[in-house]
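All remarks here apply to the structure that follows.
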Amino acid sequence: MEGFTFYFFAALALVGSAMVALLPRLVHSAFALVMALSGIAGLYWTLGADFLGAVQLLVYVGGIMILFLYGVMLTPKESSRWNLQSILFPGLLCVLPLAVLLHLGWTGVEAAVEFLPTLPEPEPTTKTMGKWFLDREKYLVPFELASIVLLVALVGSVYLARRRKEV
Amino acid sequence: MERLVGALEGLGESAFALSLLMCAGVVLGFVGIWPLFAVWLERKASADFQSRLGPMYVGGFHGWLQTLADGIKLAFKEDLIPAQANRVLFWIAPAVAFCGAFATMVVIPIAQGVEIVNLDIGIFFILAISSVGTIGVVMAGWASNNKWSLYGAVREAAQLVSYEIPIALSLMIPIIAVGNLRLGHIVGFQCAGPEDAGFVYLSHHGWLLFYSPWTLAAGLIYFVASLAECKRAPFDLPEAESELVSGFHTEYSGLRFSFFFLEEYVFMFVVSIVGALVFLGGWQPLPFVSFQFDNPLMKLIGAGILLGKAVFLVWVQIWLRWTLPRLRVDQVMTMGYKYLTPLAMLTLMGMALYQYWGCRYIPGIL
Amino acid sequence: MFTYMRNVVDSLRTTVKGMQVTWKNLRRPETTVEYPEQLVPLPEGYRGIHTLDTDICIYCFQCAKICPVDCIEMRAERVEKKFLSWEVFNIDYNKCLFCDLCIEVCPKDCIHMDKRDGSAKFALITDDRSTLNLDILEYKGLSEADKVAVVKVREENAKKAAEKAKAAAEKKAAADKDESEDKKDKADDSGK
Chain A
3 MEGFTFYFFA ALALVGSAMV ALLPRLVHSA FALVMALSGI AGLYWTLGAD
53 FLGAVQLLVY VGGIMILFLY GVMLTPKESS RWNLQSILFP GLLCVLPLAV
103 LLHLGWTGVE AAVEFLPTLP EPEPTTKTMG KWFLDREKYL VPFELASIVL
153 LVALVGSVYL ARRRKEV
Chain B
42 MERLVGALEG LGESAFALSL LMCAGVVLGF VGIWPLFAVW LERKASADFQ
92 SRLGPMYVGG FHGWLQTLAD GIKLAFKEDL IPAQANRVLF WIAPAVAFCG
142 AFATMVVIPI AQGVEIVNLD IGIFFILAIS SVGTIGVVMA GWASNNKWSL
192 YGAVREAAQL VSYEIPIALS LMIPIIAVGN LRLGHIVGFQ CAGPEDAGFV
242 YLSHHGWLLF YSPWTLAAGL IYFVASLAEC KRAPFDLPEA ESELVSGFHT
292 EYSGLRFSFF FLEEYVFMFV VSIVGALVFL GGWQPLPFVS FQFDNPLMKL
342 IGAGILLGKA VFLVWVQIWL RWTLPRLRVD QVMTMGYKYL TPLAMLTLMG
392 MALYQYWGCR YIPGIL
Chain C
6 MFTYMRNVVD SLRTTVKGMQ VTWKNLRRPE TTVEYPEQLV PLPEGYRGIH
56 TLDTDICIYC FQCAKICPVD CIEMRAERVE KKFLSWEVFN IDYNKCLFCD
106 LCIEVCPKDC IHMDKRDGSA KFALITDDRS TLNLDILEYK GLSEADKVAV
156 VKVREENAKK AAEKAKAAAE KKAAADKDES EDKKDKADDS GK
């Protein structure tokens with residue numbers, strides 16, 4: 003079962019990323035990115051990082067991708083076509099991880115487990131994360147720094163978006 | 042029953058897959074049946090508010106099969122795809138929008154200990170998954186290749202991203218009191234009583250809505266923000282029919298259109314039942330008096346009470362819809378960013394200090 | 006800051022007020038009448054399909070003469086050269102404009118289009134215009150239920166009239182009896 007979920011989400015992430023790189027239309031790439039990010043959220047879940055998976059969905063899929071699409075949808079339609087030069091390099095980059103995934107799928111789950119570090123029984127991470135974020139000896143400083151970065155970004159965006167006085 | 046479980050265990054992984062399929066079937070069945078009732082309720086309620094009768098013919102008793110008849114009609118309609126539309130995105134958009142509302146049902150406990158998955162991140166999972174539905178709406182709006190659809194989708198995107206902040210913050214306030222994200226634990230906190238409690242007992246905390254002034258404010262903020270989250274009036278800008286024809290699903294017809302419809306009504310139910318679980322004590326019928334819901338019969342009654350509360354909240358949503366006019370776009374944004382978000386943050390800080398100082402709302406029931 | 010707080014309070018207050026208004030409407034009884042199942046409550050002077058009380062009618066043809074659109078077609082036949090009998094009394098509702106003139110002109114008040122006979126019809130629904138030429142003598146065009154209702158009301162009226170007549174007759178009979186006795190007495194007197 004875990005093998006199946008892993009392959010499903012891995013395929014979702016990889017195919018999604020490949021589509022991001024290879025599709026000619028910008029909007030299609032953006033939607034493919036949604037697929038890739040959801041696949042990654044699923045991978046987090048199979049690895050037992052439930053909170054991180056949900057954050058991935060909430061922040062990337064529900065938040066950042068919406069803003070992406072917002073921007074992309076309002077850009078004029080560009081008439082780009084398939085063009086070997088432009089997709090050669092990303093295509094080659096995509097082939098490698100897909101090949102690895104196909105190889106793992108072919109040789110079976112046991113080989114995949116060798117690849118991955120042996121996982122402990124997945125247990126809830128939320129409480130530990132909360133404690134560590136507010137623990138002076140663990141991640142308090144990075145946590146506060148990240149929040150300051152976000153605050154600066156917020157103030158900056160308000161500054162950019164404010165109504166300027168007529169000169 | 043035990044023999045069945047044993048047989049399932051013998052089957053191993055395939056049994057696990059089978060049980061997953063069964064759970065999906067249960068959720069799908071509910072998701073299919075609920076909108077039939079909700080649409081009927083909406084039509085009857087709106088008729089009541091306007092001194093009309095509403096549907097009366099189909100099915101005999103007050104037209105209770107009207108929605109089913111409409112659904113069958115929708116199913117037999119032609120599935121049109123506009124010539125200039127982006128076929129693939131147009132095709133998958135309703136499914137994406139639907140799965141956001143559909144997947145949230147998985148973690149909702151319907152009675153004490155009766156849920157499909159008891160996720161540790163319970164309520165956070167609901168917030169995360171429900172944000173996926175927005176992608177579907179944006180996809181539908183863009184793929185239709187229609188001005189109105191695109192406007193609707195853009196509004197939807199702006200509105201939902203804005204109102205996710207107050208809704209998440211307002212749900213955080215009861216979590217500060219409870220200290221757990223599991224929905225079952227949140228209800229457990231509200232009906233926690235003494236160790237040797239009998240069938241009826243005074244609970245320590247009571248419903249979270251009345252736990253402190255901050256949770257009361259949070260409940261109000263949650264309700265308003267949840268209206269915006271499920272695109273209900275007065276926040277139904279994405280499908281403002283007097284301005285945008287019908288917004289992001291202008292070009293949809295037949296079964297695909299009904300998927301958007303299902304999504305809206307299922308999501309109404311989800312926000313209502315989450316509100317009932319988090320703020321209104323779940324399956325506890327009274328604010329400060331709790332009952333033991335441990336045997337199957339009581340669980341059934343509890344599930345009924347919970348569903349009743351959810352239906353009541355849905356009815357209040359309908360009531361608001363037929364009361365208030367639609368807000369303007371800038372008013373919606375003002376409401377989200379200038380009022381609900383700061384108020385939610387203020388409430389969050391208040392609740393944190395409140396909890397830190399160990400205050401209790403009603404000193405008698407400690 | 007003051008405006009901000011006032012906006013918050015105002016939005017809550019106005020919402021509650023609006024919900025009170027809708028709540029009041031919720032409590033109000035429905036104004037809808039499910040027409041084909043329930044009849045619309047008709048006002049007293051409602052003008053519907055005509056009914057003719059053939060017992061009182063004196064065949065004066067006033068109604069047909071005054072009709073501004075000539076929608077009444079009536080023909081009577083003299084039976085045994087003594088009294089008239091109806092052959093045709095049709096009203097063409099394609100033409101009729103429900104002007105009430107035929108009722109006003111009737112000297113015996115025997116043609117009605119109000120609800121006193123229980124026959125007032127709310128709508129004439131048909132997909133064939135020729136069916137709108139109704140034979141008033143046979144209540145043609147009325148639904149079965151309406152016909153039954155009309156017959157019932159007529160019977161009741163007839164009963165009442167009969168009772169009245171009977172009472173009058175008894176009274177008269179009693180008076181006659183007295184009179185005849187008086188006469189008898191007188192005769193006796195004269196005989197003596």
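Chains as they are written, first to last, in our numbering: chain A, 3 to 169; chain B, 42 to 407; chain C, 6 to 197.
Just so you know, even glycine gets a beta-carbon here, dropped at the ideal spot from N, CA and C.
Quick caveat, the model's predicted, so the values are computed rather than measured.
Look at Met309 of chain B: its C-beta is not under 8 Å from any C-beta on chain C.
Ser331 of chain B sits in a strand when the DSSP states are folded into three classes. With contacts defined as CB atoms closer than 8 Å, Phe11 of chain A and Leu45 of chain A qualify as a contacting pair. Across the stretch 81 to 94 of chain B, CB contacts with chain C closer than 9 Å involve Ala86, Ala88, Asp89, Phe90, Gln91, Ser92, Arg93, Leu94, in sequence order along the chain. In this structure, Val265 of chain B sits away from Phe310 of chain B, with a CB-CB distance that is not shorter than 8 Å. Per DSSP, Asp140 of chain C lies in no alpha helix (DSSP H) segment; the continuous beta strand (DSSP E) that holds it begins and ends at 138 to 140. Chain-ordered, the chain C residues with CB closer than 7 Å to the CB of Met97 of chain B read Glu39.
Under the three-pair Cβ rule at 8 Å, the stretch 224 to 233 of chain B counts as touching the stretch 246 to 254 of chain B. Under the three-state reduction of DSSP output, Met97 of chain B falls in the coil class, being neither helix nor strand. Here Ala81 of chain C carries a strand assignment [DSSP, helix/strand/coil]. Taking C-alpha positions only, Asp15 of chain C is separated from Thr364 of chain B by approximately 16 Å. With its beta carbon less than 8 Å from one in chain B, Met67 of chain A belongs to the interface.
The alpha carbon of Cys101 of chain C has as its nearest neighbour, out of C:Val156, C:Asp133, C:Arg52, C:Lys113, the alpha carbon of C:Arg52. Considering only B:Pro150, B:Gly323, B:Pro207, the residue with the shortest C-alpha distance to Lys379 of chain B is B:Pro207.
About 6 Å separates the beta carbons of Met97 of chain B and Glu39 of chain C, which is inside the 8 Å limit, making them a contact pair. Taking 8 Å as the cut-off between beta carbons, the residues of the stretch 348 to 363 of chain B near chain C are Trp360, Leu361, Trp363, in sequence order. Cα atoms of Thr256 of chain B and Leu54 of chain A: separation of roughly 27 Å, rounded to the nearest angstrom. Those residues of the stretch 131 to 148 of chain B placed with their C-beta closer than 7 Å to a C-beta in chain A do not exist. For Asn95 of chain C, the three-state secondary structure derived from DSSP is strand.
When only Cα atoms are considered, Val158 of chain B and Ser172 of chain B end up about 19 Å apart.
Annotation: the continuous alpha helix (DSSP H) that includes Leu69 of chain A extends over 67 to 75.
The Cβ atoms of Pro275 of chain B and Leu368 of chain B lie closer than 8 Å to each other. Taking C-alpha positions only, Leu109 of chain B is separated from Arg32 of chain C by approximately 28 Å.
Straight-line spacing of the CA atoms in Val315 of chain B and Ala259 of chain B works out to 13 Å. Take Phe289 of chain B, set aside five residues on each side of it, and the residues of its chain with a beta-carbon closer than 7 Å to its own are Val178, Ala181, Gly182, Ser190, Gly193, Ala194, Glu197, Pro279, Glu280, in chain order. Residues of chain C whose Cβ lies closer than 9 Å to the Cβ of Tyr380 of chain B are, in chain order, Tyr9, Asn12, Val13, Ser16.
About 13 Å separates the Cβ atoms of Ile217 of chain B and Met386 of chain B, ruling out a contact at the 8 Å cut-off. Rounded to the nearest angstrom, the gap between the Cα atoms of Met131 of chain A and Lys22 of chain C is 46 Å.
By the Cβ rule, the stretch 87 to 102 of chain A counts as touching the stretch 13 to 28 of chain A, because three or more pairs are nearer than 8 Å.
For Val241 of chain B, the enclosing beta strand (DSSP E) starts and ends at 241 to 243. Around Glu125 of chain A, the same chain offers Gly50 as residues with beta carbons nearer than 8 Å, after the five sequence neighbours per side are excluded. For chain B, none of the residues of the stretch 46 to 60 of chain C brings a beta carbon within less than 9 Å of one of its beta carbons. With 16 or more other Cβ atoms from the protein chains shown falling within 10 Å of its own Cβ, Cys271 of chain B counts as buried. Under the Cβ distance rule, Leu61 of chain B does not count among the residues neighbouring chain C, no pair being separated by less than 8 Å. The beta carbon of Lys340 of chain B lies closer than 7 Å to those of Ala152, Gln153, Val155, Phe334 in the same chain, with the five residues before and after it left out. At least one beta carbon of chain A lies nearer than 8 Å to the beta carbon of Glu205 of chain B.
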